[in-house]
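Residue numbers (this note's numbering): 1 to 607.
Beta carbons: idealized from backbone N, C-alpha and C, even for Gly.
Before any comments, here is the structure.
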Ligand code: AGP
């Protein structure tokens, strides 16, 4: 997590650093800080809270052209000003901002303390300036390089030296870093989003690379001293600053953007006549597709839920084994990777450390992994090399909404391609293609008439516990709904496969417990009805998401929320919508910070 931004050039550094931090704030927002070089000294300012707090308390900052800045998501050490970055060496001549985790910090700290260093924070990061100072003999690059030889763990760092106002040293291992080469100015950032305000010419640092950055140059090498061919890329993605377009929160705006996001994901990819789809970035011929014997989706959080939907769709329509795996579990459990399995790494940000770790593990074991990613040029997209962008557009709210429906859409397009090489006929393929094409208008239709979300909000807002239930595809939607309610409203809840309820969670039910059942009209509907009756018999209050016109199911519910009819394999694209709105409204009713919920960050770049 954490966002790093550095500036060196001919213009005032501070406003550019602040602008950069604002655009990186989604990576963490516990505290923020800045270090500026001026008159051979380093000036710093740090504050607990958002970047805006830092900005508001800046008192007579020096007029500097070189600086580094940081927005933090706490890992080691509480949320305090002392733990905020930048961290300095004892004499205040070296400043470091760090994203990642120094795993051998206890050993390094003990060594440095023996040398007389007094630590001022509880962070792992503070070992870096002291260690760099320990090796510093006048050459910044050599000092950082020597220090990093001692470090185990992940880092993206930017380092300022009071003695060297003409450079910043940057290095990366496991935490992304990109250098933007502008006109007489160079910027360093955790991801491309804040870079595009300056330039689209970028150099992505690879793991164990170190760079000496000046206002008009970058000198790149590996930590082992070998030279690196500096490859300058021109990035073309849409990194515009998203504005709220009149919505009170980004989350609500992004919920309402889903029809256009799905539309963008589908654009140019459906072949209606052939009853097929085309995802060019996969670069797979029908013969390649035919050789795929199973599919595994690896992802975290919401993206994992999209992966579950994708896996179920592949099994149902393409009739080959498919599954979804939580990336953090998968990567560490000695997974079996077979050459005829196709892996998808699904990620909105493309920066999630566990998903990236899973990709690396899969590739190391000889597996074939492709990305299903939203942010163009992100680390996972580049690591995979091939895959598909979902084109949801910038997602700012921490709670992922439009990325989910876009990820599901991309996976359904892939399902269609795969299924057409197998048992899906031309006619069936055309029907699937038509349904996909209609999805933006189905989603828009629901969002225009969202049903009694207020009533559902009144039922869950003060409940000590809410149970979400669903079967099959609707279980994935239930999982996603419960995650949203936790994240945004901090209401204790869990999602269970409805059939599994009687094996335990039913014990949680008492008079008035809200139970939300996702029960569209599919072949599991009748069984879902039985589950509804079971929970009602225990006094639960039932909120049901059902297919419009299904009066039998609606009649059972205390609050019935209809969604437009769609085939079962596409149902999460509509059933998830009321659940997103319910989380939003509940968060609002409880006065939560909707777009920046507590303890979370948009992009989870640490393990
Ligand atoms: C979603 O609302 C969450 N904030 C979170 O679960 C997220 O989906 C997860 O961290 C994965 O992120 P990614 O899609 O950027 O990889």
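query                                                                                                                                                                           : result
Rounded C-beta distance between residue 357 and residue 327? I'm assuming under 8 Å.                                                                                            : 7 Å
What number of angstroms, rounded off, separates the C-alpha of residue 336 from the C-alpha of residue 307?                                                                    : 19 Å
Among residues of its own chain, excluding the 5 on either side of residue 377, which ones have a beta-carbon nearer than 6 Å to its beta-carbon?                               : 192, 235, 237
Would you tell me roughly how many angstroms separate the C-alpha atoms of residue 639 and residue 201, rounded to the nearest one?                                             : With the chain represented from 1 up to 607, any question about residue 639 goes unanswered, as that position is not in the structure.
To the nearest angstrom, how far is it from the Cα of residue 342 to the Cα of residue 12?                                                                                      : 49 Å
For the ligand AGP, is there any heavy atom lying closer than 8 Å to the beta carbon of residue 150?                                                                            : no
The beta strand (DSSP E) spanning residue 32 covers which residue range?                                                                                                        : 31-38
Within 8 Å, do at least three Cβ pairs link the region 437-445 to the region 465-484?                                                                                           : no
Quick one: grab the DSSP three-state call for residue 475.                                                                                                                      : helix
Expressed to the nearest angstrom, what Euclidean distance is found between the alpha-carbon atoms of residue 120 and residue 85?                                               : 12 Å
For residue 134, which option in 291, 363, 88 has the closest C-alpha, if you only look at C-alpha atoms?                                                                       : 88
On a Cα-Cα basis, can you pick out the residue from 485, 526, 430, 179 that is closest to residue 471?                                                                          : 526
Thinking residue 626 and residue 3 are a contact (beta carbons under 8 Å), I'd like their distance in whole angstroms, please.                                                  : As displayed, the chain neither begins before 1 nor continues past 607, which places residue 626 out of reach and without an answer.
Quick one: is residue 512 buried, meaning 16 or more other Cβ sit within 10 Å of its Cβ, or exposed?                                                                            : exposed
Okay, do the region 64-83 and the region 32-40 touch, 3+ Cβ pairs below 8 Å being the bar?                                                                                      : yes
Cβ of residue 301 within 8 Å of any heavy atom in the ligand AGP?                                                                                                               : yes
Tell me whether residue 581, by its Cβ, gets closer than 8 Å to a heavy atom of the ligand AGP.                                                                                 : no
For a test of your reading of the model: does the CB of residue 254 fall under 8 Å from any non-hydrogen atom of the ligand AGP? Yes or no.                                     : no
Out of 25, 94, 148, 8, which has the shortest C-alpha to C-alpha gap to residue 42?                                                                                             : 94
Which same chain residues, not among the five before or five after residue 347, have their C-beta less than 6 Å away from its C-beta?                                           : 303, 355, 373, 380
Does the distance from the C-beta atom of residue 112 to that of residue 141 stay below 9 Å?                                                                                    : no
Cα separation between residue 422 and residue 268?                                                                                                                              : 23 Å
Taking 8 Å as the line, does the beta carbon of residue 402 fall inside it for any heavy atom of the ligand AGP?                                                                : no
Where residue 313 and residue 595 are concerned, what is the direct C-alpha to C-alpha distance, given to the nearest angstrom?                                                 : 31 Å
Would you be able to state if there are at least three C-beta pairs under 8 Å between the region 258-277 and the region 399-411?                                                : yes
DSSP has residue 514 in a bridge; who is on the other side?                                                                                                                     : 541
What I want to know is whether the C-beta of residue 483 ends up closer than 8 Å to one or more non-hydrogen atoms of the ligand AGP.                                           : yes
Restricting to Cα atoms, I'd like to know which of 528, 458, 213, 151 is closest to residue 546.                                                                                : 528
Spatial neighbours of residue 588 within its chain, please: CB distance less than 7 Å, with the 5 preceding and 5 following residues excluded, ordered by chain position.       : 594
Who does residue 71 pair with in a DSSP beta bridge?                                                                                                                            : 3, 32
Opposite residue 94 in the DSSP bridges: which residues?                                                                                                                        : 161
Count the C-beta pairs between the region 427-435 and the region 244-258 that are closer than 8 Å, then say yes if the count reaches three, no if not.                          : no
According to DSSP, is residue 305 helix, strand or coil?                                                                                                                        : helix
Does DSSP put residue 587 in a helix, in a strand, or in coil?                                                                                                                  : helix
Could you tell me which of 601, 281, 156 sits nearest to residue 172, measuring between CA atoms?                                                                               : 156
Tell me whether the region 499-508 and the region 555-570 touch, counting them as touching only if at least three CB pairs, one residue from each stretch, are closer than 8 Å. : no
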